[in-house]
Amino acid sequence: MRKVIWFVLVLAALAIWLLSPDAIWKYIFFLRLPILMGFLLIFLPVLAKYWLPEMLKNLFVLRNKWQLAFVIVSAIAAGMSVSLVASIILQNAPVRFSIPAAIALPEFWQYVLQYVIAIALSSYICFVAIDLSQEKLSQEERRWGSLVGGGLSIGLLILVSLIRVGLSSNVLFNELLVGTISFLGNSRTEGYIDPNSGELTSGHLTATAFLLIGGAVYVLIGLAFNPKSKSRRAEAPALLYLLFIISMITLFYGGATFYFDYYRVPVVILVLAYSAFTYFALGVNHFFQLNEFKGKEDKKKKVDSDSGNFEQVLEKRLHHQTGERTLVIVCASGGGIQAAGWTVQVLSGLQELLGKPFTKAIGLISAVSGGSVGTMYYLDRFSDEGYPKDNELSDIFTSATKDSLDAVGWGLAYLDLWRFIGLPFLIRPKFDRGTAVEIDWQGEMKEPKSRKTLATWRKQIFEGEIPIPVFNATLVENGWRFLITPITFGEVPEKKYVDFNSRYEAYDMDVVTAARLSATFPYISPICRSRKNIPDKNYHVADGGYFDNSGFVTAEEWLDEWLKTENNLNIKRVLVLQINAFPESTSTEKVQDKGGWFMATIGPLLAMFKVRDTVLATRTAKEALLLKERWKNQVDICYFPIFFPSESEAPQFYKNGQYRPPLSWKLTDKEKKAIQDGWEAIKEGEAIQKIKALWHETWKMPTD
12 MRKVIWFVLV LAALAIWLLS PDAIWKYIFF LRLPILMGFL LIFLPVLAKY WLPEMLKNLF
72 VLRNKWQLAF VIVSAIAAGM SVSLVASIIL QNAPVRFSIP AAIALPEFWQ YVLQYVIAIA
132 LSSYICFVAI DLSQEKLSQE ERRWGSLVGG GLSIGLLILV SLIRVGLSSN VLFNELLVGT
192 ISFLGNSRTE GYIDPNSGEL TSGHLTATAF LLIGGAVYVL IGLAFNPKSK SRRAEAPALL
252 YLLFIISMIT LFYGGATFYF DYYRVPVVIL VLAYSAFTYF ALGVNHFFQL NEFKGKEDKK
312 KKVDSDSGNF EQVLEKRLHH QTGERTLVIV CASGGGIQAA GWTVQVLSGL QELLGKPFTK
372 AIGLISAVSG GSVGTMYYLD RFSDEGYPKD NELSDIFTSA TKDSLDAVGW GLAYLDLWRF
432 IGLPFLIRPK FDRGTAVEID WQGEMKEPKS RKTLATWRKQ IFEGEIPIPV FNATLVENGW
492 RFLITPITFG EVPEKKYVDF NSRYEAYDMD VVTAARLSAT FPYISPICRS RKNIPDKNYH
552 VADGGYFDNS GFVTAEEWLD EWLKTENNLN IKRVLVLQIN AFPESTSTEK VQDKGGWFMA
612 TIGPLLAMFK VRDTVLATRT AKEALLLKER WKNQVDICYF PIFFPSESEA PQFYKNGQYR
672 PPLSWKLTDK EKKAIQDGWE AIKEGEAIQK IKALWHETWK MPTD
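Counting from 12, one number per residue, gives the positions in the sequence shown under this note's numbering.
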């Protein structure tokens with residue numbers, strides 16, 4: 012049956028091709044950009060709500076009524092940019108490209124049709140934003156946001172018309188604009204200037220008015236919502252920035268295609284070539300910040316000579332334990348903000364369940380990507396007693412689950428967009444969407460105005476206040492693991508890793524930068540390198556999940572090597588906890604057939620996420636068993652994976668497919684609550700109860 016349908020569709024397409032006038036296909040070609048952007052506006056909410064909800068759905072979940080109002084305005088503005096560019100092409104293509112004229116409409120009805128198309132293209136975005144925001148906004152707030160957004164949109168359209176009328180009556184402005192077009196057009200002004208009146212042809216003044224208003228709003232929003240290290244500050248939603256980008260691309264790129272199509276110049280190739288040229292000619296790159304040490308120390312040896320003395324570090328960390336000592340090692344997997352929230356929830360929950368001696372026994376935390384972000388906030392609130400106070404635990408969770416997607420949107424729309432289009436000299440070289448995220452994260456630290464660095468943490472480590480943190484990243488040029496940590500692990504070519512102190516011994520780094528480098532997952536945060544000119548060492552750094560998304564490899568190798576060389580601390584028990592941010596993968600007999608086209612386009616990305624967790628979980632369990640067997644006569648090593656609850660453990664999360672752990676850097680209130688409820692769901696489960704029995708009954712560890 013499918014073959015018959017396919018055959019009929021092919022015949023229909025062939026018949027349409029043969030029977031359609033040549034002018035129709037020419038118009039479709041010249042209208043290719045507004046057609047594509049129109050489809051993007053229509054299908055973006057479809058992708059977010061139905062096809063890729065894990066990645067895109069939370070874009071449409073808005074936090075307050077003003078965000079909803081602004082998104083409605085920006086959506087209608089994006090639709091207006093598409094309809095405006097399409098109208099300009101339809102009205103002026105006959106003169107510029109010598110093709111038959113389309114249906115002529117009076118000027119009034121042209122404007123009416125533009126507004127109708129704009130509303131039609133943007134309506135589904137508005138409806139989905141209103142629908143998905145009901146989790147955060149009351150019905151009254153959504154009604155208010157809709158009415159205000161609609162009113163502001165009408166005001167925007169009226170303002171465009173008023174400015175267009177004002178510009179058309181301004182003789183000096185018109186002469187300047189006509190002269191500029193004549194100069195840039197090299198006297199080829201067909202489709203721009205009416206040869207009879209010498210004035211601009213239909214639509215161009217409206218586009219100019221739209222650009223003036225859009226440019227002013229763009230600047231105002233950029234200045235008003237510039238990321239600051241301040242908690243609970245007002246932010247524009249990431250969806251607004253995305254719609255801004257769509258509007259600007261449509262207007263500028265649409266104008267470029269209308270101009271260069273006359274010369275048969277492919278604009279895509281031209282833009283990419285110019286962008287690549289500016290990156291090369293101006294040395295454009297993305298950078299992370301290194302800090303030089305201050306003081307009178309030898310500049311060639313800035314790191315303490317004892318920074319690799321793990322025995323001294325663990326002695327101080329475990330000094331409260333007597334007799335046969337117990338060491339806890341934590342591995343925190345990647346997975347965006349879901350991993351950050353789950354990491355701190357599990358560690359906070361275990362402290363409440365097992366007591367503060369559990370937290371004080373943690374000697375090493377090997378984290379990746381989102382797990383690194385959670386670890387950063389977890390360690391940030393440790394007291395000098397070696398654990399976070401009970402009243403800090405809720406603040407840790409709040410900080411770790413704070414949305415960062417809006418900061419990413421701001422950096423993309425105001426920093427990296429300028430880089431890409433070949434105007435990098437308009438922005439600061441060391442400022443991009445990655446540093447915008449760092450600023451956002453810094454605002455959620457306990458002391459936002461006081462920046463903690465690896466050197467700060469090194470001091471705390473040697474005083475026994477915090478465990479050793481390792482933020483795992485990946486060096487792009489050689490694929491090695493890059494261990495960003497205050498302690499010196501060294502450079503081990505046979506095991507393909509190098510640490511921060513060995514690579515940048517004369518420098519320090521902010522902990523928010525360290526976490527960001529470990530969580531440099533494309534395309535949320537850009538792959539970057541140090542701005543310092545360090546010969547043969549200036550690698551680009553990417554997400555640690557490229558090498559190992561579990562964090563277990565670093566922990567296993569460190570423990571194995573340390574036990575080989577020294578165990579003078581009488582450590583006889585090691586508890587290894589693997590925190591996994593997503594449910595344990597299980598086979599299923601109910602497989603949804605999403606079709607070959609979906610798998611050919613989205614399938615590779617979906618497979619990367621699914622296989623990564625499944626394969627790593629199985630491999631990690633086998634390596635943990637081998638490690639346990641290798642040291643069974645000297646040290647009792649116990650390994651426990653802690654997964655986010657599966658459907659069998661917490662069916663209320665997954666009823667009717669309601670909960671899908673997100674892969675973005677934004678959590679809704681419902682998803683934050685699901686993380687907290689997820690811990691409650693597994694706290695009485697078999698895995699956690701085994702840990703509790705091992706800790707209190709078998710190992711006889713104290714509760715306080």
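Just so it is clear, CB atoms sit at the ideal spot from N, CA and C, and this is done for glycine as well. Owing to the predicted nature of the structure, the values given are computational and were not obtained by experimental measurement.
Here's the rule I'm using: 16 or more other beta-carbon atoms within 10 Å means buried, otherwise exposed. How should residue i be labelled?
i: Asn581; result: exposed
i: Gly156; result: buried
i: Ile699; result: buried
i: Ser109; result: exposed
i: Asn560; result: buried
i: Trp120; result: exposed
i: Met712; result: buried
i: Asp391; result: buried
i: Glu600; result: Any answer about Glu600 is weak, because its pLDDT of 46 lies below 50 and its placement is not dependable; what the coordinates show is given next. Looking at its Cβ environment, which holds fewer than 16 other Cβ atoms inside 10 Å, Glu600 is exposed.
i: Ile165; result: exposed
i: Asn591; result: buried
i: Ser405; result: exposed
i: Leu486; result: buried
i: Gly490; result: exposed
i: Tyr534; result: exposed
i: Asp33; result: exposed
i: Met12; result: exposed
i: Asp417; result: buried
i: Lys311; result: Note that Lys311 scores a pLDDT of 46, beneath 50, so its modelled location is shaky and nothing firm can be said.
Hey, out of the options, whose CA is closest to residue i's CA?
i: Thr464; options: Leu44, Asn591, Val646 and Ala526; result: Ala526
i: Leu234; options: Ile100, Arg107, Leu426 and Ser208; result: Leu426
i: Trp676; options: Gly433, Trp452 and Ala566; result: Trp452
i: Leu588; options: Tyr264, Ala635, Leu329 and Pro277; result: Ala635
i: Ile545; options: Arg514, Asp559 and Asp521; result: Arg514
i: Arg469; options: Leu637, Phe321 and Phe563; result: Phe321
i: Phe431; options: Ile260, Met91, Thr629 and Gly90; result: Ile260
i: Ser394; options: Ile438, Lys367, Glu516 and Glu708; result: Lys367
i: Leu364; options: Ala704, Val19 and Phe18; result: Ala704
i: Ala661; options: Lys694, Thr631 and Ala632; result: Lys694
i: Gly346; options: Leu674, Thr631, Phe221 and Ser415; result: Leu674
i: Phe50; options: Pro111, Leu143 and Ile257; result: Ile257
i: Gly475; options: Glu396, Asp414 and Ala628; result: Glu396
i: Tyr389; options: Lys239, Ser144 and Ile407; result: Ile407
i: Phe269; options: Thr289, Pro672, Gly214 and Met456; result: Gly214
i: Val127; options: Val93, Ala115, Asp142 and Ile114; result: Val93
i: Gly162; options: Val230, Ala284, Val84 and Leu188; result: Val84
Could you check whether the Cβ of residue i sits closer than 7 angstroms to any heavy atom belonging to the ligand SAM?
i: Leu329; result: For the structure depicted, the ligand SAM is absent and the ligand set is empty, with no information on it obtainable.
On the DSSP letters alone, give me the boundaries of the alpha helix (DSSP H) that residue i sits inside.
i: Leu570; result: Phe563 to Thr576
i: Phe558; result: Neither: Phe558 is in no alpha helix (DSSP H) and is coded neither H nor E.
i: Ile376; result: Here Ile376 belongs to no alpha helix (DSSP H); instead the beta strand (DSSP E) covers Ile373 to Val379.
i: His330; result: Segment: none, His330 is in no alpha helix (DSSP H) and carries neither H nor E.
i: Thr337; result: Segment Arg336 to Ala343 is the beta strand (DSSP E) holding Thr337; no alpha helix (DSSP H) there.
i: His551; result: Where His551 is concerned, there is no enclosing alpha helix (DSSP H), although the beta strand (DSSP E) it sits in stretches over His551 to Asp554.
i: Val278; result: Val278 to Ala292
i: Tyr398; result: Run containing Tyr398: none; DSSP gives neither H nor E here.
Assuming residue i contacts residue j (C-beta within less than 8 angstroms), just tell me the rounded distance between them.
i: Val72; j: Glu146; result: 6 angstroms
i: Asn483; j: Gly555; result: 3 angstroms
i: Ala89; j: Leu52; result: 6 angstroms
i: Leu338; j: Val585; result: 5 angstroms
i: Val552; j: Leu528; result: 5 angstroms
In the DSSP assignment, find the unbroken beta strand (DSSP E) run with residue i in it and report its ends.
i: Val585; result: Ile582 to Asn591
i: Asn483; result: Ile479 to Leu486
i: Ala698; result: Looking at the DSSP string, Ala698 is not in any beta strand (DSSP E); the run it does join, the alpha helix (DSSP H), is Glu697 to Ala704.
i: His707; result: Looking at the DSSP string, His707 is not in any beta strand (DSSP E), and its letter there is neither H nor E.
i: Tyr650; result: Asp647 to Phe654
i: Phe493; result: Arg492 to Ile495
i: Ser541; result: Cys539 to Ser541
| Is the stretch 244-256 touching the stretch 177-192 in the sense that three or more CB pairs, one from each, lie closer than 8 angstroms? | Fewer than three beta-carbon pairs drawn from the stretch 177-192 and the stretch 244-256 are found closer than 8 angstroms, and the two stretches are therefore not classed as touching.
| task | Evaluate the contact criterion for the stretch 440-458 versus the stretch 405-421: three or more CB pairs, one atom per stretch, below 8 angstroms. | result | Touching, per the Cβ criterion.
| Contact between the stretch 40-56 and the stretch 98-108: three or more CB pairs below 8 angstroms? | yes
| Pairing CB atoms from the stretch 651-666 with CB atoms from the stretch 684-694, are three or more of them under 8 angstroms? | yes
| query | Below 8 angstroms, can you find three or more Cβ-Cβ pairs linking the stretch 368-382 to the stretch 315-329? | reply | yes
| task | Count the C-beta pairs between the stretch 326-343 and the stretch 499-518 that are closer than 8 angstroms, then say yes if the count reaches three, no if not. | result | no
| Inter-stretch contact (C-beta, 8 angstroms, three-pair minimum) for the stretch 205-224 and the stretch 169-176 | Per the Cβ contact rule, the stretch 205-224 is in contact with the stretch 169-176 (3 or more Cβ pairs under 8 angstroms).
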